[in-house]
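J.: Using the working numbering, the letters of the sequence shown map in sequence onto residues 16 to 263. My questions will all concern the structure given below.
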Amino acid sequence: MIIFYRSGEIFTGKPKSDLDGELYTTHADLCGCCGARGYFGGIACPICKGSGKLMEKRIRLYTHEQLRLLGREQAKRDEAKEIETSEEAKRERAEYEEQLQKFRQENADFVQKLDSLSGPHWDVFKETIFTRLAKPSKKQVHLVEAEAAKRAAGAANMFIGRVGEKTSLRILIIKVLRVADWHETTLLTVARDLSGALVMYRGDVNLGKTGETVTITAGIRAHTEFAGLKQTFIERPKKHIDKDIYVT
Ligand SMILES: [Zn+2]
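Here it is in structure tokens:
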């Protein structure tokens, strides 16, 4: 009969058998203290007491059938552990999701601004915040608000459309000025579209009063920049009468 070690390696010696019929062999490591010599110039090594070997260890041996059964049991244990691990992970995930939802609700304004930020630094910042889920500090809130404001201003400082193009715009009127030329007086309307970009119109059409939001169709007349502000001048605007979308 072929006999094996637990590892599956074949045992080539003569196995011993105990009273229960269990197969085993014994093995003694060499003594490291005296280098297996047993004596130091006539004095017995205190570790191995002169034998040069350490205590014998019993090493269990197996038949092929015993090994096969052991393997099956191990597989079952592994499987059970895997299921337990994945359920645990699921529970932890669900718990985290719940806490995350709570955190997002309790810090809605902060989170909304934070979500809008991206880039290497902000991605790490977000990761930290959403991992710890601790109430953001005043400094963190301030940092995020400052950056969001800076980005909003940058995003808004854009030209609209292409010169010569006709476009539809929804604008909030900021100011209406009367501008006197040497021979006539015209209206200068300053507005912002929904993204915050500056829209200017100089002409006779009355687009509305300050604070009004209107929808218009107009041609893009020119793109100009004044003191770093990008301004889109429109021409021949036509006001739409929208019955259902009043945003004021
Ligand atoms: Zn020794």
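We put the beta carbon where it would ideally sit given N, CA and C, even for glycine.
Quick check: the segment 196–209 against the segment 143–161, are there 3 or more CB pairs under 8 angstroms?
T.: Taking 8 angstroms as the limit for Cβ pairs, the verdict is that the segment 143–161 does not touch the segment 196–209.
J.: By the three-class DSSP mapping on this structure, what secondary structure does ARG83 have?
T.: The residue you call residue 83 lines up with position 68 of the sequence shown. In the structure shown, ARG83 sits in a helix (DSSP, three-state: H, G or I).
J.: In angstroms, rounded to a whole number, what distance separates the CA positions of THR40 and ARG106?
T.: Working through the sequence shown from its first residue, we reach residue 40 at position 25. Working through the sequence shown from its first residue, we reach residue 106 at position 91. Approximately 47 angstroms between the Cα atoms of the pair.
J.: Measure the alpha-carbon distance for ALA248 versus LYS117 and round it to whole angstroms.
T.: Start at 1 with the first residue of the sequence shown, and residue 248 comes out as number 233. Start at 1 with the first residue of the sequence shown, and residue 117 comes out as number 102. Per the sequence shown, the amino acid found at residue 248 is Phe instead of Ala. Approximately 46 angstroms between the Cα atoms of the pair.
J.: Tell me the rounded alpha-carbon separation between LYS96 and GLU103.
T.: By one-based count along the sequence shown, residue 96 stands at place 81. By one-based count along the sequence shown, residue 103 stands at place 88. Going from the Cα of LYS96 to the Cα of GLU103 covers about 10 angstroms.
J.: Verify the contact flag: ILE58, CB atom, against every heavy atom of ligand 1, threshold strictly below 8 angstroms.
T.: The sequence position of residue 58 within the sequence shown is 43, counting from 1. Flag unset: Cβ of ILE58 not near ligand 1.
J.: Pull up the distance between the alpha-carbon of ARG108 and that of ALA123, whole angstroms please.
T.: As a working note, residue 108 is residue 93 in the sequence shown. As a working note, residue 123 is residue 108 in the sequence shown. When rounded, the distance between both Cα atoms is 21 angstroms.
J.: Let me know the alpha helix (DSSP H) ranges lying completely inside the segment 152–209, each 4 residues or longer, listed in chain order.
T.: Correct list: 153–171.
J.: Using a Cβ-Cβ cut-off of 8 angstroms (strictly less than) and excluding sequence neighbours within five positions of ARG119, which residues of its own chain qualify?
T.: By one-based count along the sequence shown, residue 119 stands at place 104. So the list reads VAL126, once near-sequence residues are dropped.
J.: Taking 7 angstroms as the limit between beta carbons, can you name the residues of its chain near MET16, skipping five residues before and five after?
T.: Translated into the one-based positions of the sequence shown, residue 16 becomes position 1. Closer than 7 angstroms at the Cβ level, and outside the excluded window around MET16, lie THR78.
J.: Per DSSP, LEU34 is paired with what?
T.: Locating residue 34 in the sequence shown gives position 19, where the first residue counts as 1. Per DSSP, none; premise fails for LEU34.
J.: Hey, would you say GLU250 sits closer than 9 angstroms to ILE235, going by beta carbons?
T.: Taking the first residue of the sequence shown as position 1, residue 250 is located at position 235. Taking the first residue of the sequence shown as position 1, residue 235 is located at position 220. Contact: yes.
J.: Out of GLY23, VAL191, ARG87, ALA233, state which residue places its alpha-carbon closest to the alpha-carbon of GLU227.
T.: If you number the sequence shown from 1, residue 227 lands on position 212. If we check each option's Cα against that of GLU227, VAL191 comes out closest.
J.: Which of the three DSSP states is assigned to LYS253 in this structure?
T.: In the sequence shown, residue 253 corresponds to position 238, counting from 1. Reduced to three states, the DSSP call for LYS253 is strand.
J.: In angstroms with no decimal places, state the Cα-to-Cα distance between CYS48 and GLU71.
T.: Here residue 48 corresponds to residue number 33 of the sequence shown, with the count starting at 1. Here residue 71 corresponds to residue number 56 of the sequence shown, with the count starting at 1. Cα to Cα, CYS48 sits roughly 16 angstroms from GLU71.
J.: Would you kindly work out how many angstroms separate the C-alpha atoms of VAL178 and THR239, rounded to a whole number?
T.: As a position in the sequence shown, residue 178 is number 163, starting the count at 1. As a position in the sequence shown, residue 239 is number 224, starting the count at 1. Rounded to the nearest angstrom, the two C-alpha atoms are 11 angstroms apart.
J.: By the 10 Å Cβ neighbour count, where 16 or more other Cβ atoms means buried, how is ASP208 classified, buried or exposed?
T.: Taking the sequence shown and counting its residues from 1, the one referred to as residue 208 is at position 193. It is buried - the Cβ of ASP208 has at least 16 other Cβ atoms within 10 Å.
J.: Alpha carbon to alpha carbon, what distance is there between ILE175 and THR182?
T.: Against the sequence shown, residue 182 aligns to sequence position 167. Against the sequence shown, residue 175 aligns to sequence position 160. One C-alpha to the other measures close to 9 angstroms.
J.: Would you mind working out which of HIS42, GLY53, ILE18, THR100 sits nearest LEU82, comparing C-alpha positions?
T.: Residue mapping note: residue 82 aligns to position 67 of the sequence shown, counting from 1. The candidate whose alpha carbon is nearest that of LEU82 is ILE18.
J.: What first and last residue would you give for the beta strand (DSSP E) that runs through LYS128?
T.: For the purposes of this step, residue 128 is taken as the residue at position 113 of the sequence shown. Segment 123–131 is the alpha helix (DSSP H) holding LYS128; no beta strand (DSSP E) there.
J.: What do you get for TYR216, buried or exposed, if any count of 16 or more other CB atoms within 10 angstroms of its CB means buried?
T.: Taking the sequence shown and counting its residues from 1, one reaches residue 216 at position 201. Classification of TYR216: buried, given that the 10 Å Cβ count is 16 or more.
J.: Give me the Cα-Cα distance between LEU45 and LYS64, rounded to the nearest whole angstrom.
T.: For the purposes of this step, residue 45 is taken as the residue at position 30 of the sequence shown. For the purposes of this step, residue 64 is taken as the residue at position 49 of the sequence shown. Near 12 angstroms, if we compare the C-alpha coordinates of LYS64 and LEU45.
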